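Asks: Chains as they are written, first to last, in UniProt numbering: chain A, 1 to 378; chain B, 1 to 378. Ideal Cβ placement from N, Cα and C applies to all residues, glycine included. The model shown is predicted, which means the values in this text are computed figures rather than measured ones. After the structure tokens below, expect a handful of questions from me.
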């Protein structure tokens, strides 16, 4: 089998992985029940707490982001539980479905794809319902390029029922504001291959003390996704209950080291700046943004296809002629929308090369989208 | 953080990973919804079918072996289902617990640790119970170093109720006999980091057509471990439903290529030969085997500690002075038993270096175990 070429990976995950992080996967194989592992585990815990901005424990699952999101559901939602959830895209739909599979009643606050439910709508739904067990929010809807803008305001609202606050930040933690403790997030879920810029396959999630207490008192019908079981092994021996993806642990550790070196605030600022250049430049080119201006994601840029620009032809030309990967639409947006991942390492070079390649691709395809010069970014 | 030293990894997984397989993790990051991935996926499918000796589809989960074992349970076992299961160690106990968590009734056929229930005992249990949904077997009990010797005989027995036949071969597929189709195995589960000699984090499992039909008709309450969902994505687009651990996919692909180059039969023979040398030589040294001779594993050698040889001191001396890793006991055997993984790359060099290092360690510790010369192996 031929190995694939080296692309500029501008899809919304996996994203470009820095050289140092790739090399870290070559760390020697160790016994996952040994001091060699304990050193790795403890250091990883500290670094994860930093990027989650939390004092809570952080469990690392060997799974995709969806596995960790499912863990946040099956450990917390029980039969008959009322769960409030804004729904405005494929991933929030999927999360609502998981809540229902777990026996919960998903009270959906819907908004058209490309927009978000307002805080007032969610507050009204909360006020109209009694005994809300939890608010689950997909912070950054990868399918539509939107972000929920009011997460800093829900803590007080949830005090009425001591409702749990769960945030799916799979596609923006590390690239967007998310002070877990300050915002009172009980469970925060992310994955390695998005803004953390590590390879896919491991997914960390932070757990508040009261969430852990509930889970211990009400254990789920799963071993592999049983989160208190992970914490028990962490506490007793600084080990995992099941064999972890060691090479990906080393890679994630190196990726988090890079984040510390850059500084989390600087990293988030860089994501926002790069996203702004993408939004401004692509609008100048004549592309129409899919997301409304007030709720545009800093990490996923979603664009509508103009008439005459065909999804597969556009993206395959970009990939084959320029080695630049962008993503198509997801679910019902397939063929109508394309997306850029603005994640992880993303910097001026990535932005310029992507925009330049898009410009040239449009010329090659004779697409009727306004041309522009490539903007500059420091 | 300092990286760990390069050990000879003689624990029952993870095991030594060949250089080529480690390097394969450095394959460029690709879009997991692209032709680059489809090429990888299809080639991986072919190679997995070869090593599973099956025409069945093989699902690859991003998880540890336990995750895949749990998938084999939650997709097949429903409330009230009667499931027959031999129990003779920690992993079969754990599997029985998973069956109960899924609402099944686990009919345990027990044997003392170090031995296995006989075929006759299992047959008797089958005959004494009606409507047996499935027989679940941990083929190779990693915790005790035993293997079930009669798997080739159950197919006919299970015909009475059309019972499903599920084999947990996490710690011996690729290093022991397991013709999935010939033996009529409906679900066969393994993991990357054992006899396949890839890094941990992905776990393949084969699914018979009738098992898939049941799962489609009776979908489980999970998305992440929903096996028919994987097959649907495989069939429709040669994609995975959730982001796969791409780097580990490339590594597994390279590991399976090595198996093809060696030949599966030769590989299994090599495992058996290496295991025999371990058993014979360690007995000559004065160690007592934990497993009974008739059911000793070809991939995990379990040994009792003689009086005066302390677990932690023995294994840390081997690790620190000779860079050889062996494992301790698991669960209730902790401190009483130690184990050697005879897996994957294992060859004469591994065997000799391990035995030589053990001999020297015993001398250093003045342990009263009969000394011997290091045996030769071609």
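Can you list, in chain order, the residues of its chain with a C-beta nearer than 8 Å to that of residue 51 (chain A)? Leave out the 5 residues immediately preceding and following it.
Replies: If you number the first chain from 1, residue 51 (chain A) lands on position 51. If we look at residue 51 (chain A) and ignore the five residues flanking it on each side, its Cβ neighbours are 173, 174, 196, 256, 259 and 264.
Asks: Where are the beta strand (DSSP E) runs, 3 residues long or more, that stay fully inside the region 25–110 of chain A, in chain order?
Replies: Listed in chain order, the complete beta strand (DSSP E) runs (minimum 3 residues) inside the region 25–110 of chain A are 57–62, 82–87 and 105–110.
Asks: What is the C-beta distance between residue 216 (chain A) and residue 228 (chain A), in whole angstroms, given that I count them as a contact (C-beta under 8 Å)?
Replies: In the first chain, counting from the first residue as 1, residue 216 (chain A) sits at position 216. In the first chain, counting from the first residue as 1, residue 228 (chain A) sits at position 228. Residue 216 (chain A) to residue 228 (chain A), Cβ: 5 Å. Contact.
Asks: If we ignore side chains and look at the alpha-carbon of each, how far apart do residue 376 (chain B) and residue 352 (chain B) end up?
Replies: Position 376 of the second chain, counted from the start, is the residue given in the question as residue 376 (chain B). Position 352 of the second chain, counted from the start, is the residue given in the question as residue 352 (chain B). Only weak support exists for where residue 376 (chain B) lies, its pLDDT of 43 falling under 50; the coordinates are left without a value.
Asks: Is it the case that the Cβ atoms of residue 98 (chain B) and residue 325 (chain A) are separated by a distance below 7 Å?
Replies: Stepping through the second chain from its first residue, residue 98 (chain B) is reached at position 98. Stepping through the first chain from its first residue, residue 325 (chain A) is reached at position 325. For residue 98 (chain B) and residue 325 (chain A), no; Cβs fall outside 7 Å.
Asks: Is there a Cβ from chain B that is less than 7 Å from the Cβ of residue 56 (chain A)?
Replies: What you label residue 56 (chain A) is simply residue 56 of the first chain in a count that begins at 1. No - not a single Cβ of chain B is within 7 Å of the one on residue 56 (chain A).
Asks: Using the three-state DSSP reduction, which class does residue 341 (chain B) fall into: helix, strand or coil?
Replies: Against the second chain, residue 341 (chain B) aligns to sequence position 341. Here residue 341 (chain B) sits in strand by DSSP.
Asks: Determine the extent of the alpha helix (DSSP H) in which residue 247 (chain A) is found, giving its start and end residues.
Replies: Here residue 247 (chain A) refers to the residue found at position 247 when the first chain is read from its first residue. Looking at the DSSP string, the run of the alpha helix (DSSP H) that includes residue 247 (chain A) is 246–262.
Asks: Pick helix, strand or coil for residue 302 (chain B), following the three-state DSSP scheme.
Replies: Counting from 1 along the second chain, the entry for residue 302 (chain B) is found at position 302. It is a strand residue.
Asks: What three-state label does DSSP hand residue 398 (chain B) in the structure shown?
Replies: As displayed, chain B neither begins before 1 nor continues past 378, which places residue 398 (chain B) out of reach and without an answer.
Asks: Nearest to residue 64 (chain B) by CA position, among B:198, B:10, B:38 and B:330, is which residue?
Replies: The sequence position of residue 64 (chain B) within the second chain is 64, counting from 1. When only C-alpha atoms are compared, the closest one is B:198.
Asks: Consider the Cβ of residue 218 (chain A): report whether some Cβ of chain E lies at a distance smaller than 7 Å.
Replies: Going by chain labels, chain E is absent from the structure shown, which instead holds the protein chains A and B.
Asks: Does any CB atom of chain B fall closer than 7 Å to the CB of residue 138 (chain A)?
Replies: For the purposes of this step, residue 138 (chain A) is identified with residue 138 of the first chain, where counting begins at 1. With 7 Å as the cut-off, residue 138 (chain A) does not count as an interface residue toward chain B.
Asks: Identify whether residue 116 (chain A) lies in helix, strand or coil by the three-state DSSP scheme.
Replies: If you number the first chain from 1, residue 116 (chain A) lands on position 116. Looking at residue 116 (chain A) - three-state DSSP - the assignment turns out to be coil, as it is neither helix nor strand.
Asks: For chain A, check one thing: does any of its Cβ atoms lie closer than 7 Å to the Cβ of residue 362 (chain B)?
Replies: If you number the second chain from 1, residue 362 (chain B) lands on position 362. So no, residue 362 (chain B) is outside the interface.
Asks: If we cut at 7 Å on Cβ distances, does residue 10 (chain A) have a partner in chain B?
Replies: Working through the first chain from its first residue, we reach residue 10 (chain A) at position 10. So no, residue 10 (chain A) is outside the interface.
Asks: Would you mind telling me which residues of chain B sit closer than 8 Å to residue 36 (chain A), beta carbon to beta carbon, in chain order?
Replies: Counted from its first residue, the first chain places residue 36 (chain A) at position 36. Result: 4.
Asks: Identify whether residue 371 (chain B) lies in helix, strand or coil by the three-state DSSP scheme.
Replies: Against the second chain, residue 371 (chain B) aligns to sequence position 371. For residue 371 (chain B), the predicted model reports a pLDDT of 44, less than 50, meaning its position is unreliable; a value from the coordinates is still stated below. Residue state, collapsed to three classes: coil.
Asks: DSSP puts residue 289 (chain A) in a beta bridge; with which residues?
Replies: In the first chain, residue 289 (chain A) corresponds to position 289, counting from 1. Answer by DSSP bridge pairing, in chain order: A:303.
Asks: So the candidates are A:241, A:56, A:115 and A:298; which of them puts its Cα closest to the Cα of residue 187 (chain A)?
Replies: Residue numbering aside, residue 187 (chain A) sits at position 187 when the first chain is read from its first letter. If we check each option's Cα against that of residue 187 (chain A), A:56 comes out closest.
Asks: What residue range does the alpha helix (DSSP H) around residue 360 (chain B) cover?
Replies: Residue numbering aside, residue 360 (chain B) sits at position 360 when the second chain is read from its first letter. Where residue 360 (chain B) is concerned, the enclosing alpha helix (DSSP H) stretches over 348–364.
Asks: Express the C-alpha separation of residue 219 (chain A) and residue 238 (chain B) in angstroms, rounding to a whole number.
Replies: To locate residue 238 (chain B), count along the second chain from 1; it is residue 238. To locate residue 219 (chain A), count along the first chain from 1; it is residue 219. Answer to the nearest angstrom: the Cα atoms are 36 Å apart.
Asks: 7 Å is my cut-off, CB to CB: does residue 227 (chain A) come that close to chain B?
Replies: Along the first chain, one-based indexing puts residue 227 (chain A) at 227. Answer no: the Cβ-Cβ gap between residue 227 (chain A) and chain B never drops below 7 Å.
Asks: What does DSSP give as the partner residues of residue 206 (chain B) in its beta bridges?
Replies: Position 206 of the second chain, counted from the start, is the residue given in the question as residue 206 (chain B). Residue 206 (chain B) pairs with B:58 and B:188.
Asks: Is it the case that the Cβ atoms of residue 171 (chain B) and residue 194 (chain B) are separated by a distance below 7 Å?
Replies: Along the second chain, read from residue 1 onward, the residue named residue 171 (chain B) stands at position 171. Along the second chain, read from residue 1 onward, the residue named residue 194 (chain B) stands at position 194. Cβ atoms of residue 171 (chain B) and residue 194 (chain B): closer than 7 Å.
Asks: Drop a sphere of 10 angstroms on the beta-carbon of residue 145 (chain B), count the other beta-carbons inside from all chains shown, and report buried for 16 or more, exposed for fewer.
Replies: Residue numbering aside, residue 145 (chain B) sits at position 145 when the second chain is read from its first letter. Buried, by the Cβ-count rule.
Asks: Would a C-beta distance cut-off of 7 Å place residue 241 (chain A) and residue 62 (chain A) closer than the cut-off?
Replies: For the purposes of this step, residue 241 (chain A) is taken as residue 241 along the first chain, with counting starting at 1. For the purposes of this step, residue 62 (chain A) is taken as residue 62 along the first chain, with counting starting at 1. No, they are not a contact pair.
Asks: Comparing C-alpha positions only, which one of B:17, B:6 and B:2 sits nearest to residue 345 (chain B)?
Replies: To locate residue 345 (chain B), count along the second chain from 1; it is residue 345. Per the Cα distances, B:17.
Asks: For residue 17 (chain B), which residues in chain A fall below 8 Å Cβ to Cβ?
Replies: As a first step, residue 17 (chain B) is located in the second chain; it is residue number 17 there, counting from the start. Per Cβ cutoff of 8 Å: 29.
Asks: Residues of chain B with a CB under 8 Å from the CB of residue 354 (chain A): which are they?
Replies: Sequence index remark: in the first chain, residue 354 (chain A) carries index 354 (1-based). Correct list: empty, because the minimum Cβ distance to chain B is about 14 Å.
Asks: How long is the line joining the alpha carbons of residue 301 (chain B) and residue 340 (chain B), rounded to whole angstroms?
Replies: Walking along the second chain from the start, residue 301 (chain B) turns up at place 301. Walking along the second chain from the start, residue 340 (chain B) turns up at place 340. Approximately 5 Å between the Cα atoms of the pair.
Asks: Return yes when the Cβ of residue 114 (chain A) is within less than 7 Å of the Cβ of residue 290 (chain A), no when it is not.
Replies: As a first step, residue 290 (chain A) must be located in the first chain, where it is residue number 290. As a first step, residue 114 (chain A) must be located in the first chain, where it is residue number 114. Cβ atoms of residue 290 (chain A) and residue 114 (chain A): closer than 7 Å.
Asks: Is residue 323 (chain B) helix, strand or coil by DSSP?
Replies: Taking the first residue of the second chain as 1, we reach residue 323 (chain B) at position 323. Three-state result, residue 323 (chain B): coil.
Asks: For residue 235 (chain B), name the three-state secondary structure that DSSP assigns.
Replies: By 1-based counting over the second chain, the position of residue 235 (chain B) is 235. In the structure shown, residue 235 (chain B) sits in a helix (DSSP, three-state: H, G or I).
Asks: Taking 7 Å as the CB-CB cut-off, is residue 344 (chain A) touching chain B?
Replies: Here residue 344 (chain A) corresponds to residue number 344 of the first chain, with the count starting at 1. It does not; no Cβ of chain B falls within 7 Å.
Asks: So who's on the other strand from residue 140 (chain A), going by DSSP bridges?
Replies: The residue you call residue 140 (chain A) lines up with position 140 of the first chain. Answer by DSSP bridge pairing, in chain order: A:147.
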